[in-house]
Structure formats: C-alpha cells, structure tokens
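J.: Residue numbers (UniProt numbering): 1 to 360.
Even for Gly, the Cβ is constructed at its ideal location relative to N, Cα and C.
Small disclaimer: the values here were computed from a predicted structure and weren't measured.
The following block contains the structure, expressed as structure tokens.
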C-alpha cells in the first residue's frame, strides 16, 4: 500500500512538510477525539506566540514519541534503554531544515553537543513532523549558556497527594514570592503538578540558581507542613516536593504549550494565579481547548518584562538550616554533598564526615 501523501502546515509563513499526517498519535478518549500527527503540528502552529516565547533562543531537547502514545508505552531512561517506545533527542536530528538554528551546550559529564535553538514557530512545527510532543528548553539563552535567566519552581505531588494539593501549595508559593517582590508565572505541568517560572537576571551560575531554589523550597516547607525538599523519596511522605534539582545544568521541565504523552492530549498550560486557584482538572487544558484560550491572549505575555535578582532567595539558602542537598545521580560528587545512599540503607560507620564511603 502506498504511503499517504505528506501534508503541509503554515508556520509563520513557512510551509512545513509533515509526513504520515494521518498517523494516530493520541487515541480517542471519552472526552476527546483521536489526535493525528498533522493535528499535533497544527496545534503548535496555533499556539505559536506562546510556544516561541517559551523556547526562543533556548537550547532545547526534544521528547519524541514517533509511534504515538499508547497504554504501556514508556520513555527511555537513558541512551542504553533501547527497548523504550520514546526517547529524548538532545542533539540536532539529521535532516534538519536550513532555518533551524543551534547552540553548543556542555553537559555535566563535560561532553558537548549542538542542540536545537528555536527562533521561529516553523522549528517546533518541524519537530512535530519528527514525532516531538514535548519541548525541554534549558533555562538559558543562546547568548550565554552558563548563566540562567529563569528559575523554575517545580511543585511535584508525591503519592497520596493530588493536583488540588499542588494548587494550594502554589498559592502559598505566590504569597512568598509577593513578599520577596518577585513576579511568578504559573502553569499546569500537564499532569498532576504545578510549575512556577521566574525570570532572573543572568548573573548567577547554575549552582547558585539551584541553591536559590533550595532556599525557596525550605522557606515554603517552613511555612507549610505539606511541603518538602527531601531528595530521597522514602523521606518525602504524602507531601508536595519542591524539585530543586530541576534548576541544574541539563535538567529541564516541559515547556509552556508542550503536549504531554497522556490520554486526552493534555497541555502544559500557562494560567493566571486567580485561574489556577479555581482549577480542579488540568486535563481540561488539551490540544482541543488551549488554542481557543490564545484568542484572549497568553497569560505569560508579560513574563519577559522584568528580570529579578536572586539575592533574596540566596539569602534564604544561606540563613535557613539544612546545608547542601543531593545532586542528581549522573553528576560528579559535589562539595558538601551528603552521601548518595538511601537513608534506610545507610550504615553510619561506613561513611566519613565528608560523605565518602569507607570500605568495611
């Protein structure tokens, strides 16, 4: 049987070719029709203003679900996971169009790569042609990839908690940001969590950005018993985890207006604070409903108007007790870091004061 002809999607005046346009990416649910590949590409074009605002000039990794989303499918956990159904693409894919721009980034391992650096909506639409559903931008711009311009507060509901719990905690986070004179911009994660983004002056390192996130999380936990910054899952309990390590180099969060690989084609959607406070079903924001919202404007339209200092948050890091916390497992051992072993498995006499293992 001959392949169906490719489709074209108008993306800011460019005609972007989309192969296999009728391939089903999201199956129909009781609430939403099925979603085809060309519908994904058209969605990115329709939310172009907001999507480009989230991605412009940022190194961006792609989350590619080339066969669509089905029950039981999973995302690769690393380059050695060859049996997964979807994968992260950090390097520029082969066959990229000439209008796609790139930027060189360095990973914690010391390796480097050229990553996609979107500058126009045709780039995300072409990425949809490549099976991309989720965009993972770095919190830096191409002009300076070592000094972040964005703090990301990731409110992650742990087992036993709900989206409603995350929304309530986000309200407490808003109060704290207001007290510090900092403007935060919330969005749904597209799943159960809430993200709050803050534009910051690009004067600090990734390590300082991470410390600012820890300081904010600790103050949030001091104010609210349902909040934790405990790195080990066994210590978090039924609380909302402030995932401070999402502010590290090569750690990313789904961008605003990314789709999520879940039934119903949900979207990580910018909202106003008042809108968030009354929201109970994040799945109501999906591929079919979000473009209509854009007609009323993007709630994040003013996110680039002011860039804040990290000093108030770094002061929290310096004054609140707790010290350094664990880094992600693929990072080298960092100065002052606690032992990288689950607390329940730790035997005190096997570790020295600096967190180094002592062989028995």
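By the three-class DSSP mapping on this structure, what secondary structure does residue 152 have?
T.: Reading the chain shown from its first residue, position 152 is the one you call residue 152. Reduced to three states, the DSSP call for residue 152 is strand.
J.: Report yes if the CB atom of residue 7 is closer than 8 Å to the CB atom of residue 38, and no otherwise.
T.: For the purposes of this step, residue 7 is identified with residue 7 of the chain shown, where counting begins at 1. For the purposes of this step, residue 38 is identified with residue 38 of the chain shown, where counting begins at 1. Contact: yes.
J.: If you run the structure through DSSP and keep just helix, strand and coil, what is residue 303?
T.: For the purposes of this step, residue 303 is identified with residue 303 of the chain shown, where counting begins at 1. The answer is coil: DSSP assigns residue 303 none of H, G, I, E or B.
J.: Starting from the C-beta of residue 159, find all residues in its chain whose C-beta is less than 8 Å away, skip the five residues before and the five after it, and write them out in chain order.
T.: In the chain shown, counting from the first residue as 1, residue 159 sits at position 159. Same-chain partners within the cutoff: 238.
J.: To the nearest angstrom, report how far apart residue 345 and residue 211 are at their CA atoms.
T.: Start at 1 with the first residue of the chain shown, and residue 345 comes out as number 345. Start at 1 with the first residue of the chain shown, and residue 211 comes out as number 211. When only Cα atoms are considered, residue 345 and residue 211 end up about 26 Å apart.
J.: May I ask you to report which of helix, strand or coil DSSP gives residue 27?
T.: One-based indexing of the chain shown puts residue 27 at position 27. It is coil, neither helix nor strand.
J.: If you draw a straight line from the alpha carbon of residue 257 to that of residue 245, how long is it in whole angstroms?
T.: Within the chain shown, residue 257 is the residue found at index 257, counting from 1. Within the chain shown, residue 245 is the residue found at index 245, counting from 1. If I take the Cα positions, the gap works out to 22 Å.
J.: What number of angstroms, rounded off, separates the C-alpha of residue 228 from the C-alpha of residue 35?
T.: Here residue 228 is taken as the residue at index 228 of the chain shown, counted from 1. Here residue 35 is taken as the residue at index 35 of the chain shown, counted from 1. For residue 228 and residue 35, the distance between alpha carbons rounds to 37 Å.
J.: Leaving aside the five residues before and after residue 4 along the sequence, list all residues of the same chain whose C-beta is less than 6 Å from its C-beta, in chain order.
T.: The residue labelled residue 4 in the question sits at position 4 within the chain shown. The answer, listed in chain order, is 22.
J.: Using 8 Å as the threshold, is the C-beta distance between residue 124 and residue 187 below it?
T.: Mapped onto the chain shown, residue 124 falls at position 124. Mapped onto the chain shown, residue 187 falls at position 187. Not a contact, by the Cβ cut-off of 8 Å.
J.: Taking the C-alpha atoms as reference points, what is the distance between residue 25 and residue 33?
T.: On the chain shown, position 25 is the one that residue 25 refers to. On the chain shown, position 33 is the one that residue 33 refers to. Roughly 11 Å separates the two Cα atoms.
J.: Could you pull the start and end residues of the beta strand (DSSP E) that residue 291 belongs to?
T.: For the purposes of this step, residue 291 is taken as residue 291 along the chain shown, with counting starting at 1. No beta strand (DSSP E) contains residue 291, which is instead part of the alpha helix (DSSP H) from 290 to 294.
J.: Express the C-alpha separation of residue 78 and residue 231 in angstroms, rounding to a whole number.
T.: Position 231 of the chain shown, counted from the first residue, corresponds to residue 231. Position 78 of the chain shown, counted from the first residue, corresponds to residue 78. Answer to the nearest angstrom: the Cα atoms are 21 Å apart.
J.: Quick check on residue 132: buried or exposed, where buried means 16 or more other Cβ atoms within 10 Å of its Cβ?
T.: By 1-based counting over the chain shown, the position of residue 132 is 132. Label assigned to residue 132: buried.
J.: Who are the Cβ neighbours of residue 341 in its own chain at under 7 Å, not counting the five residues just before and after it?
T.: Start at 1 with the first residue of the chain shown, and residue 341 comes out as number 341. Cβ neighbours of residue 341 beyond the five flanking positions: none.
J.: Mark residue 332 as exposed unless 16 or more other C-beta atoms lie within 10 angstroms of its C-beta, in which case mark it buried.
T.: Position 332 of the chain shown, counted from the start, is the residue given in the question as residue 332. Residue 332 comes out exposed.
J.: Nearest by alpha-carbon distance to residue 189: which of 46, 96 and 155 is it?
T.: Translated into the one-based positions of the chain shown, residue 189 becomes position 189. Of the listed residues, the one whose Cα sits closest to residue 189 is 155.
J.: Which ranges would you report for the alpha helix (DSSP H) in the stretch 116 to 197 if only whole runs of at least 4 residues count?
T.: 122 to 129 and 163 to 179
J.: Could you give the residue range of the alpha helix (DSSP H) that holds residue 223?
T.: In the chain shown, counting from the first residue as 1, residue 223 sits at position 223. Looking at the DSSP string, the run of the alpha helix (DSSP H) that includes residue 223 is 206 to 223.
J.: Enumerate in chain order the residues of its own chain whose CB-to-CB distance from residue 47 is below 7 Å, with the five nearest sequence positions on each side excluded.
T.: Along the chain shown, read from residue 1 onward, the residue named residue 47 stands at position 47. Take residue 47, set aside five residues on each side of it, and the residues of its chain with a beta-carbon closer than 7 Å to its own are 257, 290, 291 and 294, in chain order.
J.: Identify the residues that DSSP records as bridge partners of residue 88: which are they?
T.: Residue numbering aside, residue 88 sits at position 88 when the chain shown is read from its first letter. Answer is 63, bridged to residue 88.
J.: Figure out for me which residue from 193, 42, 86 and 214 has the closest Cα to the Cα of residue 287.
T.: For the purposes of this step, residue 287 is identified with residue 287 of the chain shown, where counting begins at 1. Nearest neighbour of residue 287 by Cα position, chosen from 193, 42, 86 and 214, turns out to be 42.
J.: Label residue 274 either buried or exposed according to how many other C-beta atoms from any shown protein chain fall within 10 Å of its C-beta, with 16 as the threshold for buried.
T.: As a working mapping, residue 274 is identified with position 274 in the chain shown. It is exposed - the Cβ of residue 274 has fewer than 16 other Cβ atoms within 10 Å.
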